[in-house]
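Beneath this line is the structure, given in structure tokens, with notes to follow.
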Amino acid sequence: MEAAKSVLGLSLFSIFQLNLVVSAADIYSRNDFPPGFVFGASTSAFQYEGAATEDGRTPSIWDNFTHPGNMHGANADIASDGYHKYKEDVQLMAHTGLDAYRFSISWSRLIPNGRGPVNMKGLQYYNNLINELIRNGIQPHVTLLHADLPQALEDEYGGWINRKILRDFTAYADVCFREFGDRVLHWTTLNEPNVFVLGGYDIGFLPPQRCSASSPLNCSKGNSSTEPYMAAHNILLAHAAVAKLYKKQYQDKQHGFIGLNLCSYWFVPLTNTTKDVIATQRANDFYIDWYMHPLVYGDYPSSMKKVAGSRMPPFSNYESKQVKGSFDFIGLNFYLTMYVKDYPSSLEMEHRDVLADMALELLCRSSCIMKPRCFCVFTCMCGQACLMCRHYL
């Protein structure tokens, strides 16, 4: 219960990033928001920095994913050229009146091989960016990892499906806290792991493109039945290890906050039938509670454990205690609302993955349907949506 209360209390220190569709935006002003409400913008290192091969940076899994043309021929070798134009961008932020800027650090730029010596030119870039923000009255909010894992670690031991990642991610975070923590008060360990776990280890349309051979994408490696659960488990343990490090060695001196960001949808039953209502709870369990339930209560939702069985790694008593309450805030990136329809026949599939384990269909008003092995959920655009407080608040 204490952990549950802390979500609400400490969320006062969070930035709420809202994607709102407002028909009459000009009638709103800052006076309509509570005092102290923080207005900001955010970017990810891979999508913003560019300079992909400059000053010692090595490839991330996203570099290797985009160069063969998987993103319609686009890559991020230049991107927004933030590595060279960050001063101009900070001036634009200041002119816009932003209070904060959340950006991610490229692990491959700061520690090129994922572990070992710090790249001094990468360190200088992030120090320069942070100092420029502060000079212009803008709070720096830092995300340690926005899905762009160093390719070297993926090649060496498989990245997030191997527990070795806990050691390397914690060591990387230690460098960031030590070098930037005197000026950075808001830390996000990972951004939207619930997206890159499904995309990268189940469906296979995101890096590192691991999925079962039965997937329509014909991945060359992976196991959609087990690896998404393994990756999510290691992500939660890594987050907890980094949060423990920060709270033990840095928080008292630096007076900052640490949390994790999730991608969130709001799910609504398609009908009032009991089956669709239960399926809607299951959608929340698999999409949000997969991460939130361990963070608040120390274990996975019972509905997931029942369906996934031995494919879902268990927490030891020690791990459960480490994960439970390992945050000062939770960030929610909210996008849209979807309707949920029960789809029990997916549990009869020969090759079960996370999508099949959900046993449901996701629908938008456009009649777009997401069944197991269907990707249209990412192109559906529903109208107004409302993310409601649930049993964590």
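Mapped onto mature numbering (1 follows the signal peptide of the UniProt record, and there is no 0), the consecutive letters of the sequence shown carry residue numbers -24 to -1, 1 to 369. Backbone N, C-alpha and C define an ideal beta-carbon position, used for all residues, glycine too. From a predicted model like this one, the values you see are computed outputs, not experimental measurements.
Shown here for K197: same chain residues with a beta carbon closer than 6 angstroms to its own, the five before and five after excluded, namely R186 in chain order. With distances taken between CA atoms, P204 lies nearest to L174 out of Q230, A217, Q227, L174. Contact check between the segment 73 to 85 and the segment 5 to 22: three or more CB pairs, one atom from each, fall below 8 angstroms, which counts as touching.
V330 sits close to D178, with the two beta carbons spaced by under 7 angstroms. Considering only G285, T249, N237, K251, the residue with the shortest C-alpha distance to Y263 is N237. For the 7 angstroms CB-CB criterion, A214 and L105 do not form a contact. Take I254, set aside five residues on each side of it, and the residues of its chain with a beta-carbon closer than 8 angstroms to its own are D318, in chain order. Contact annotation: the segment 162 to 172 does not touch the segment 244 to 259, with fewer than three C-beta pairs closer than 8 angstroms. For the 7 angstroms CB-CB criterion, E108 and K140 do not form a contact. Each residue's CA atom was taken as its position, placing P169 and E155 some 25 angstroms apart. As the crow flies, the alpha-carbon of P289 is around 12 angstroms from that of L212.
Taking 8 angstroms as the upper bound for CB-CB distance, V118 and F79 are in contact here, some 7 angstroms apart. Straight-line spacing of the CA atoms in K220 and H209 works out to 17 angstroms. Going by DSSP, W136 is part of no beta strand (DSSP E) at all; its letter is neither H nor E. When C-alpha distances from C152 are compared across A189, Q230, G32, T313, the shortest belongs to Q230. Between P277 and D261, the C-beta spacing is below 7 angstroms. Taking a cut-off of 8 angstroms for Cβ pairs, the segment 332 to 342 and the segment 268 to 275 do not touch, as fewer than three such pairs fall below it. Shown here for L99: same chain residues with a beta carbon closer than 8 angstroms to its own, the five before and five after excluded, namely L86, E155 in chain order.
Counting the other CB atoms within 10 Å of its CB gives L166 a total of 16 or more, which places it among the buried residues.
Shown here, S84 sits in a helix according to DSSP, grouped into three states.
Residue pairing from DSSP places R78 in a beta bridge opposite S18, H117.
Put simply, the backbone Cα of F291 is about 7 angstroms away from that of D275.
Taking C-beta separations shorter than 6 angstroms and ignoring five residues to either side along the sequence, the partners of D304 in its chain run L(-15), F233, I234, G235, following chain order. If you ignore the 5 residues before and after F243, its C-beta comes within less than 8 angstroms of the C-beta of T256, A259, N260, Y263, T313, M314, Y315, V316, L338, all in its own chain and listed in chain order.
In the three-state scheme derived from DSSP, where H, G and I count as helix and E and B as strand, G175 is classed as helix. In this model, E25 and F41 are separated by some 17 angstroms (Cα to Cα). Residue ranges of uninterrupted beta strand (DSSP E) with 3 or more members, entirely inside the segment 227 to 292 and ordered along the chain, are 233 to 245. In chain order, K97 place their CB closer than 6 angstroms to the CB of D31, counting only its own chain and leaving out the 5 sequence neighbours on each side. In the DSSP assignment, T164 is bridged to T119, G235. Straight across, the Cα-Cα distance linking F9 with I306 is about 20 angstroms. By the CB criterion at 7 angstroms, R328 and T202 fall outside the cutoff.
Here G176 is buried: its Cβ has 16 or more other Cβ atoms, across all protein chains shown, within 10 Å.
A direct Cα-Cα distance of roughly 16 angstroms separates V218 from L125. Closest by C-alpha distance to L182, out of N89, A128, G45, I3, is G45.
In the structure shown, Y4 falls within a coil segment according to DSSP collapsed to helix, strand and coil.
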